[in-house]
Amino acid sequence: MEIRFGTGAASRDFDELVKICQVAEECGYDFLTMPDTQSVHPEMYVNLTLAALNTKRVRLGPAVTNPVTRHPAVTASAIAAIDTLSNGRAYLGIATGDSAVHNLAERPARLKDLREYILAVRGLLRDGQAVYRDKTIKLEWTRRNIPIYMAAEGPKALELAGEICDGVIIGTGLTPEVIEDSLAHVRAGTSRAGRKPDEVDVWWQVKCNVAEDGEAAIYDMRMTLAASASHCFRMSIGEKGIPPQYVEPVRQLLGRYNYAEHELPGADRDNARLVDELGLRDYLADRFAVAGTPAQAIAKLEGLIKCGATQFKLATHGSDRRAIIRYFANNVMAHFR
1 MEIRFGTGAA SRDFDELVKI CQVAEECGYD FLTMPDTQSV HPEMYVNLTL AALNTKRVRL
61 GPAVTNPVTR HPAVTASAIA AIDTLSNGRA YLGIATGDSA VHNLAERPAR LKDLREYILA
121 VRGLLRDGQA VYRDKTIKLE WTRRNIPIYM AAEGPKALEL AGEICDGVII GTGLTPEVIE
181 DSLAHVRAGT SRAGRKPDEV DVWWQVKCNV AEDGEAAIYD MRMTLAASAS HCFRMSIGEK
241 GIPPQYVEPV RQLLGRYNYA EHELPGADRD NARLVDELGL RDYLADRFAV AGTPAQAIAK
301 LEGLIKCGAT QFKLATHGSD RRAIIRYFAN NVMAHFR
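Numbered per my numbering, the sequence shown finishes at 337, counting up by one with no gaps.
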């Protein structure tokens, strides 16, 4: 059984971004993802261009773009350009929209609109044209077979990914019961479409920070634990398996989440403070994170593997992203290679 890892690259400094990408490739990560959140970070396709030109092996793509801020022809052309620059290493990650949308005072896309958008992008890439909102749209300059991955955090979204996508990035959480339930919904989608379950490449969204001081590692990533709660619970808090004692604190977190600081590091950030103020640190870390000491991270991953999760897209957060990526590779990934 092959265990695979991906990681994210995010920085407001282009030189630092390139160094993060190079360290990730050097350390043997399989996936390298870029956030598409224009109000928080520089333009994602500029960042992916830098990644394509400064790496040779690792797969590249958004984690994730959305149907609200870009026309499907713009997305198709942009990801095709990245695929060309990277010699066929691109994938397209997409979901309904989070911080990129909320920071424009817009609403995330509905699933039916996301379906139409994904099918339009695929048609443009493969056939050069598609019907979108009752209009024929075109992409003339290229044909590319680029896999489309959907980030999904609810039952209907998981089923849609299983039905129409090449892959899914599951963000529902990492407890055994959540893993089992999420995989069942992906399989329901593949079954509805007459597909085999192994036609969908399944990755798990993991918030990650590992260090010799495990408590400090978790403290340092509180802002991304808040982001996980915002991502996963915002649209349907009642069907996500939240223990009763945490429902009201989660509801308060959703109401007070600061999208202008989405996943930005810093102990004094609003979102980091919220996690502790509402008593959610341990619960969110258990549900969404592989964090703590290397031994704790290895034990958590071994439990996840027994539950059927074998591919992990890590969102690494802390004061030194390069150091965290390298430390995880040397002290955790190496155990599974």
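Quick reminder that beta carbons are idealized off the backbone N, C-alpha and C, glycines included.
Provide the residue span of the beta strand (DSSP E) that contains residue i, from first to last.
i	result
Phe336	From DSSP, Phe336 is part of no beta strand (DSSP E); its letter is neither H nor E.
Leu92	92 to 94
Asn209	201 to 210
Arg4	4 to 8
Ile137	135 to 138
Val131	129 to 132
With a 10 Å radius around its C-beta and 16 neighbouring C-beta atoms as the bar for buried, classify residue i as buried or exposed.
i	result
Glu106	exposed
Lys306	exposed
Ser99	buried
Ala9	buried
Phe312	buried
Arg321	buried
Pro176	exposed
Val46	exposed
Ser230	buried
Thr316	buried
Glu263	buried
His335	exposed
Leu53	exposed
Thr33	buried
Asp83	buried
Lys207	buried
Pro72	buried
Thr96	buried
Glu341	A question about residue 341 goes unanswered here, because the residues of the chain that appear run from 1 up to 337.
Thr136	exposed
Give the range of the alpha helix (DSSP H) segment to which residue i is assigned.
i	result
Gly308	Neither: Gly308 is in no alpha helix (DSSP H) and is coded neither H nor E.
Pro249	244 to 256
Met34	No alpha helix (DSSP H) contains Met34, which is instead part of the beta strand (DSSP E) from 31 to 34.
Gly292	Taken as a continuous stretch (DSSP letters only), Gly292 belongs to no alpha helix (DSSP H), being part of the beta strand (DSSP E) at 289 to 292.
Val68	Per DSSP, Val68 belongs to no alpha helix (DSSP H) and is neither H nor E.
Ser230	222 to 233
Tyr45	44 to 54
Ser99	99 to 102
To the nearest angstrom, how far is it from the Cα of residue i to the Cα of residue j?
i	j	result
Arg168	Ala151	First, the amino acid is wrong: residue 168 is Val here, not Arg. About 6 Å.
Glu140	Ala130	12 Å
Asp181	Thr310	16 Å
His261	Ser39	One point to set straight first is that residue 261 is Glu, not His, in the sequence displayed. Rounded to whole angstroms, Glu261 to Ser39 spans 10 Å at the Cα level.
Leu114	Arg12	29 Å
Ala227	Leu119	28 Å
Thr69	Asp36	10 Å
Ser77	Val247	42 Å
Ala193	Ala157	14 Å
Ala367	Arg287	This structure gives no information on residue 367, because the portion of the chain shown stretches from 1 to 337.
Phe14	Gln245	43 Å
Gly128	Ser86	21 Å
Glu212	Leu284	21 Å
Ile242	Thr142	46 Å
Leu278	Tyr257	12 Å
Tyr149	Glu199	12 Å
Ala90	Leu253	35 Å
Glu239	Gly171	14 Å
Ala81	Tyr117	19 Å
Val121	Arg281	39 Å
Gly308	Glu302	10 Å
Pro155	Cys165	15 Å
Ser236	Val332	34 Å
Glu43	Gly6	21 Å
Pro147	Gly61	10 Å
Leu354	Glu215	Coverage of the chain is limited to positions 1 through 337, which leaves residue 354 absent and any answer about it impossible.
Val329	Gly28	The sequence given here places Ala at residue 329; Val does not occur at that position. When rounded, the distance between both Cα atoms is 8 Å.
Glu16	Lys300	30 Å
Leu314	Arg133	35 Å
Gln205	Leu92	16 Å
Arg144	Arg126	6 Å
Val18	Pro265	19 Å
Glu25	Ala51	10 Å
Gly162	Ile94	14 Å
Going by the DSSP bridge assignment, what does residue i pair with across the sheet?
i	result
Pro62	Met34
Gly167	Tyr149, Asp201
Gln22	According to DSSP, which records beta bridges pairwise, Gln22 is partnered with nothing at all.
Gly279	Beta-bridge pairing links Gly279 to no other residue.
Leu158	DSSP lists no partner for Leu158.
Thr190	Answer is none; Thr190 lacks a bridge partner.
Thr84	Bridge partners of Thr84: none, in fact.
Leu314	Thr7, Val206
Does any residue of chain D bring its CB to less than 9 Å from the CB of residue i?
i	result
Ile164	Chain labels in this structure do not include chain D; a single protein chain is all it has.
Quiz item: Just checking, does the segment 186 to 195 make contact with the segment 221 to 236 on the three C-beta pairs under 8 Å criterion?
Solution: no
Quiz item: Is it a yes or a no for the segment 279 to 293 touching the segment 63 to 79, going by three-plus beta-carbon pairs under 8 Å?
Solution: no
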